[in-house]
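Have a look at the structure below before the remarks.
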Amino acid sequence: DTGVSQNPRHKITKRGQNVTFRCDPISEHNRLYWYRQTLGQGPEFLTYFQNEAQLEKSRLLSDRFSAERPKGSFSTLEIQRTEQGDSAMYLCASSLDIGVQPQHFGDGTRLSIL
Amino acid sequence: QKEVEQDPGPLSVPEGAIVSLNCTYSNSAFQYFMWYRQYSRKGPELLMYTYSSGNKEDGRFTAQVDKSSKYISLFIRDSQPSDSATYLCAMSFNAGKSTFGDGTTLTVKP
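Quick mapping for you: the protein sequence lines, in order, are chains A and B. Numbering (our numbering) for the first sequence: 1 to 114. Numbering (our numbering) for the second sequence: 115 to 224.
Laid out in structure tokens, this is it:
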């Protein structure tokens, strides 16, 4: 499978715990994006990388959220001190870095906060 | 007011019908327009990608963009039960974020 891969698919944790998600983009894609989607809503942009550089961050990305892409390949999204409102689907997408290219999504990590 | 507004639905049609899905937007800087299909518990799947105004056709799907009216549409001809899903419009003006509508849930009844 050469699509965007996200792990884990589902994460259940208690409020206050830290969680980390991983995204492996399509291999030739240098751009990587993180979105959050809640039930009945469209995906909301969180952050974007060009290779290892984090180029844009949404105001939605509070200081409890941190994303990295250390070698310009896979990326991790960490949420510290999780809150009930963090329950959502966290989606990763990737695209080529030629002009503006459409983003291809993984199947997401569903986070449930108990 | 959201930058991208999408007809909320839900929409239910008989098999074989022509389906029209629509979005309006407020930011005239948007240049790139996408339609995604999302099945339950799956990520969005890219269906159509267009630049600026005009029509684009791909099999049973036709995407229309009218920048003067800030209005985009997706038409599905000869709809099939397998087309039952949530359809998301999205748009962008640079290589960064895409801005999405909240989706229209379509059910095609056999």
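Glycine is no exception: its CB is placed at the ideal position from the N, C-alpha and C atoms. Since the model is a prediction, treat every value here as computed from it, not as a measurement.
What does the alpha-carbon distance come out to for the pair residue i and residue j?
{"i": "Arg-15 (chain A)", "j": "Ile-79 (chain A)", "result": "11 Å"}
{"i": "Ala-177 (chain B)", "j": "Tyr-150 (chain B)", "result": "11 Å"}
{"i": "Gln-6 (chain A)", "j": "Cys-23 (chain A)", "result": "5 Å"}
{"i": "Gly-157 (chain B)", "j": "Gly-106 (chain A)", "result": "5 Å"}
{"i": "Glu-171 (chain B)", "j": "Ile-113 (chain A)", "result": "43 Å"}
{"i": "Ile-12 (chain A)", "j": "Ala-67 (chain A)", "result": "20 Å"}
{"i": "Thr-200 (chain B)", "j": "Arg-81 (chain A)", "result": "32 Å"}
{"i": "Ser-94 (chain A)", "j": "Leu-125 (chain B)", "result": "30 Å"}
{"i": "Arg-174 (chain B)", "j": "Glu-83 (chain A)", "result": "43 Å"}
Shorter than 7 Å from the beta carbon of residue i to some beta carbon of chain A?
{"i": "Lys-181 (chain B)", "result": "no"}
{"i": "Asp-216 (chain B)", "result": "yes"}
{"i": "Tyr-146 (chain B)", "result": "yes"}
{"i": "Pro-124 (chain B)", "result": "no"}
{"i": "Leu-79 (chain B)", "result": "Outside the displayed range of chain B (115 to 224) lies residue 79 (chain B), so it cannot be described from this structure."}
Cβ of residue i less than 7 Å from any chain B Cβ?
{"i": "Gln-41 (chain A)", "result": "yes"}
{"i": "Glu-56 (chain A)", "result": "yes"}
{"i": "Pro-8 (chain A)", "result": "no"}
{"i": "Pro-122 (chain A)", "result": "Limits of chain A in this structure are 1 at one end and 114 at the other, which puts residue 122 (chain A) out of reach."}
{"i": "Phe-105 (chain A)", "result": "yes"}
{"i": "Asp-90 (chain A)", "result": "It should be pointed out that residue 90 (chain A) corresponds to Tyr in this sequence rather than to Asp. No, its Cβ sits nowhere closer than 7 Å to a Cβ of chain B."}
{"i": "Pro-102 (chain A)", "result": "yes"}
{"i": "Gly-16 (chain A)", "result": "no"}
{"i": "Gly-108 (chain A)", "result": "yes"}
{"i": "Phe-74 (chain A)", "result": "no"}
Starting from residue i, follow the beta strand (DSSP E) in both directions and report where the run begins and ends.
{"i": "Tyr-146 (chain B)", "result": "146-152"}
{"i": "Glu-68 (chain A)", "result": "65-68"}
{"i": "Phe-189 (chain B)", "result": "185-190"}
{"i": "Gly-108 (chain A)", "result": "Counting along the chain, Gly-108 (chain A) falls outside any beta strand (DSSP E), and DSSP gives it neither H nor E."}
{"i": "Arg-31 (chain A)", "result": "31-37"}
{"i": "Ala-93 (chain A)", "result": "88-95"}
{"i": "Arg-22 (chain A)", "result": "19-24"}
{"i": "Gly-168 (chain B)", "result": "168-172"}
{"i": "Gln-41 (chain A)", "result": "No beta strand (DSSP E) holds Gln-41 (chain A); DSSP gives it neither H nor E."}
{"i": "Ser-126 (chain B)", "result": "125-128"}
{"i": "Val-100 (chain A)", "result": "Neither: Val-100 (chain A) is in no beta strand (DSSP E) and is coded neither H nor E."}
{"i": "Ile-79 (chain A)", "result": "75-79"}
{"i": "Ile-12 (chain A)", "result": "10-13"}
{"i": "Asn-208 (chain B)", "result": "Note, Asn-208 (chain B): premise wrong, no beta strand (DSSP E); not H, not E."}
For residue i, tell me which candidate among the options has the shortest Cα-Cα distance.
{"i": "Phe-207 (chain B)", "options": "B:Glu-119, B:Asn-136 and B:Ser-142", "result": "B:Ser-142"}
{"i": "Gly-72 (chain A)", "options": "A:Asn-51, A:Gln-84 and A:Thr-38", "result": "A:Asn-51"}
{"i": "Thr-76 (chain A)", "options": "A:Thr-20, A:Leu-61, A:His-10 and A:Val-4", "result": "A:Thr-20"}
{"i": "Ser-140 (chain B)", "options": "B:Lys-223, B:Pro-224, B:Thr-219 and B:Phe-214", "result": "B:Phe-214"}
{"i": "Gly-168 (chain B)", "options": "B:Ile-190, B:Gln-152 and B:Gln-145", "result": "B:Gln-145"}
{"i": "Gln-17 (chain A)", "options": "A:Thr-38, A:Ala-53 and A:Arg-64", "result": "A:Arg-64"}
{"i": "Ile-186 (chain B)", "options": "B:Met-162, B:Glu-129 and B:Lys-211", "result": "B:Met-162"}
{"i": "Gly-85 (chain A)", "options": "A:Arg-36, A:His-29, A:Thr-2 and A:Arg-69", "result": "A:Arg-36"}
{"i": "Cys-92 (chain A)", "options": "A:Arg-9, A:Pro-8, A:Tyr-33 and A:His-29", "result": "A:Tyr-33"}
Can you give the beta carbon distance from residue i to residue j, rounded, assuming they're within the 8 Å contact cut?
{"i": "Ala-131 (chain B)", "j": "Ser-193 (chain B)", "result": "5 Å"}
{"i": "Cys-137 (chain B)", "j": "Gln-115 (chain B)", "result": "Not really, about 14 Å apart at Cβ, beyond 8 Å."}
{"i": "Phe-49 (chain A)", "j": "Ser-58 (chain A)", "result": "Contact doesn't hold; Cβ gap of about 13 Å is too wide."}
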